[in-house]
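Heads up: the structure comes next, in C-alpha cells.
There are 2 protein chains.
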Amino acid sequence: MNEVMQAILSRRSIRQFTDQPVPKEILEDLVQAALHAPSGMGKKTWKFTVVTNKEKIRLLAQETGRILGREGYNMYEPTALIIPSNLRESPYGKEDDACALENIFLAAYSYGVGSVWINQLRDICDEPSIRAMLTEFGIPEDHTVYGIAALGYPAASGQYKEAGDVAFVE
Amino acid sequence: MNEVMQAILSRRSIRQFTDQPVPKEILEDLVQAALHAPSGMGKKTWKFTVVTNKEKIRLLAQETGRILGREGYNMYEPTALIIPSNLRESPYGKEDDACALENIFLAAYSYGVGSVWINQLRDICDEPSIRAMLTEFGIPEDHTVYGIAALGYPAASGQYKEAGDVAFVE
C-alpha cells in the first residue's frame, strides 16, 4: 500500500496532546497543505490563522465553553490551532474549509502530529465575545468559521469506527 | 518531503479523462479512503455509491445539464463517479462528505487517477428526474448529495491557483 493510502487509513482524531510545541516549519507546511485543497470554482476565499499562544487558545476555549454551557471546555488543550475562515457569502465556504481541514489533518499525521476537528465555533463565531477574539487574531469581520484544527503531539491514540454503506452500480 | 505532503501539494483537479476504466480494486480502495475520513461526532451517516456504467453517467450528466440550462454538460466524461450521500437531517453532512471527497481525491492521485469535484447536483438532487436516477442507484430517499467525485485517468494536467491569506498569532 502506498504511503498516501496508508496515512488516510491510519489517521485518527486525537483528543489528548503533550505539551511539546509543534515546530513553526511544520505548521507552515500544514498551511501549505490547506492552501492546496480544492475550492469551489477555484475561488479560494479562505484565510488560515495559526494560533500558538497557549493563553489565547485557553481563553478562546473557555469562552466557547461558557457560551455553550460546557464548563471546563478546553478544546483538548492543543498546542496549536489552525482556524480556517471563509467569506460569509461564499456558497462553497463550508466545503472548501472542510477539504482544507482534511489536508491539514493528513499532513499533520505525516509529521507525527495529532489533530482533531473542533466544530464548537460553527454556530457561535458571531457571538460578540468570540468575534472580538477572532478579530484580535486578524480574522476578517466578513469571514465565518466552520471548523478548526486542534493540533499537538499525541498523548493518546485515537479509534476508528467503521460505518457507512457502499454500493457499486456497474 | 514525505509522500503525503507531496501528494497534497501536487494533486490538481483534472477535467479531461481517457477512456481507460479505473480498476474496481482501486475504486474499492478509494471508498475505503472515504470511509476513513473524520465525521462530526463520529456519526458517519454517509453512503458511497460508485457508478461505473458509462451510459448511466452520461444520462445523469445530460439531465443535470438540462435542468441547469447547460446543454452538452457532460461532467467531464469521467469513467467513474463516487457519489457520497448523507442523511438530509445530519448537521454535519456537508462537512463529512467534503472530508470524504478530499480523501478520495488524494487516494486517487496516489494511484495516478485524476479527479474533480462535481458540485452541480447540490441544489438539484431533489428534482424528480434526478432523484429518480439516484433512487435507481440505490441512494436512500432521505439522503442528500452535496458533491460528487468524477474520476478517470488524466488526459490533461490541472493547474494550481495560489490564493488565501495566512497569519500567525504567536
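In order, the protein sequences belong to chains D and L. Positions in the first sequence are counted from 1; adding 32 to them yields the working numbering. Positions in the second sequence are counted from 1; adding 32 to them yields the working numbering. Note that CB positions come from ideal geometry on N, CA and C, so glycine has one too. Bear in mind that the values here come from a model prediction, so they are computed numbers and not experimental data.
Run of the beta strand (DSSP E) containing residue i, from where it starts to where it stops
i, result
"glycine 146 of chain L", "146-150"
"alanine 140 of chain D", "From DSSP, alanine 140 of chain D is part of no beta strand (DSSP E) but of the alpha helix (DSSP H) over 125-142."
"alanine 181 of chain D", "180-184"
"alanine 199 of chain D", "197-201"
"threonine 81 of chain D", "78-83"
Residue i: first and last residue of the uninterrupted alpha helix (DSSP H) it sits in
i, result
"proline 116 of chain D", "Segment 112-119 is the beta strand (DSSP E) holding proline 116 of chain D; no alpha helix (DSSP H) there."
"threonine 96 of chain L", "86-100"
"aspartate 61 of chain L", "56-67"
"leucine 166 of chain L", "160-168"
"cysteine 188 of chain D", "A quick correction: the sequence has alanine, not cysteine, at residue 188 of chain D. Neither: alanine 188 of chain D is in no alpha helix (DSSP H) and is coded neither H nor E."
"glutamate 35 of chain D", "35-42"
Proximity test, Cβ basis, 8 angstroms: residue i and chain L
i, result
"leucine 67 of chain D", "yes"
"proline 70 of chain D", "yes"
"leucine 41 of chain D", "yes"
"phenylalanine 200 of chain D", "yes"
"glutamate 103 of chain D", "no"
"glutamate 109 of chain D", "no"
"alanine 188 of chain D", "no"
"asparagine 106 of chain D", "no"
"glycine 253 of chain D", "Residue 253 of chain D cannot be examined here, being either before or after the span of chain D that is shown, 33 to 202."
"valine 36 of chain D", "yes"
"serine 161 of chain D", "no"
"glutamate 57 of chain D", "no"
"glycine 97 of chain D", "no"
Proximal residues to residue i (C-beta, below 8 angstroms), its chain only, five neighbours per side dropped
i, result
"aspartate 61 of chain L", "Ala139, Tyr143"
"lysine 86 of chain L", "Thr111"
"phenylalanine 169 of chain D", "Thr81, Val83, Lys88, Ile115"
"isoleucine 171 of chain L", "Lys79, Thr81, Ile115, Ser117, Val177"
"alanine 39 of chain L", "Leu138, Tyr141, Ser142"
Cβ of residue i within 8 angstroms of any chain D Cβ
i, result
"serine 45 of chain L", "yes"
"lysine 86 of chain L", "no"
"methionine 165 of chain L", "no"
"threonine 81 of chain L", "yes"
"asparagine 135 of chain L", "yes"
"cysteine 131 of chain L", "yes"
"phenylalanine 49 of chain L", "no"
"glutamate 127 of chain L", "yes"
"leucine 138 of chain L", "yes"
"glycine 179 of chain L", "yes"
"tyrosine 192 of chain L", "yes"
Cut-off 7 angstroms between Cβ atoms - residues of its own chain near residue i, not counting five sequence neighbours on either side
i, result
"arginine 203 of chain D", "The shown model of chain D, from 33 to 202, leaves out residue 203 of chain D, and the question about it has no answer."
"alanine 65 of chain D", "Asn135, Ile136, Ala139"
"glycine 97 of chain D", "Glu103, Gly104, Tyr105"
"histidine 175 of chain L", "Lys79, Ser117, Asn118, Leu119, Arg120"
"glutamate 173 of chain D", "Thr167"
"tyrosine 108 of chain D", "Arg47, Gln48, Phe49, Val148, Ala182"
Distance between beta carbons of residue j and residue i, contact taken as under 8 angstroms
i, j, result
"valine 177 of chain L", "isoleucine 115 of chain L", "6 angstroms"
"glycine 184 of chain L", "glycine 125 of chain L", "Contact doesn't hold; Cβ gap of about 26 angstroms is too wide."
"leucine 196 of chain D", "serine 45 of chain D", "The question names leucine, but residue 196 of chain D is glycine in the sequence shown. That belief does not hold up - the Cβ atoms of glycine 196 of chain D and serine 45 of chain D are roughly 16 angstroms apart, past 8 angstroms."
"glycine 179 of chain L", "alanine 130 of chain L", "7 angstroms"
"valine 63 of chain L", "valine 198 of chain D", "5 angstroms"
"glutamate 194 of chain D", "leucine 67 of chain L", "7 angstroms"
Cβ neighbours of residue i in the same chain (closer than 6 angstroms, five flanking residues each side left out)
i, result
"isoleucine 99 of chain L", "Ile156, Glu159"
"glutamine 48 of chain L", "Ala187, Ala188"
"lysine 75 of chain L", "none"
"leucine 92 of chain D", "Met165"
"alanine 181 of chain L", "Ile114, Leu133, Ile136, Ser147"
"arginine 154 of chain D", "Tyr178"
"serine 122 of chain L", "Thr77"
Beta-carbon neighbours of residue i, restricted to chain A and to distances below 8 angstroms
i, result
"valine 63 of chain D", "This model lacks chain A altogether; the protein chains it does include are D and L."
The ligand MN heavy atom lying under 7 angstroms from the CB of residue i
i, result
"leucine 62 of chain L", "No copy of the ligand MN appears in this structure; indeed no ligand is present at all."
Next item on the list: Please determine if the region 156-175 of chain D and the region 44-55 of chain L are in contact, where contact requires at least 3 C-beta pairs separated by less than 8 angstroms.
Entry: No contact exists between the region 156-175 of chain D and the region 44-55 of chain L.
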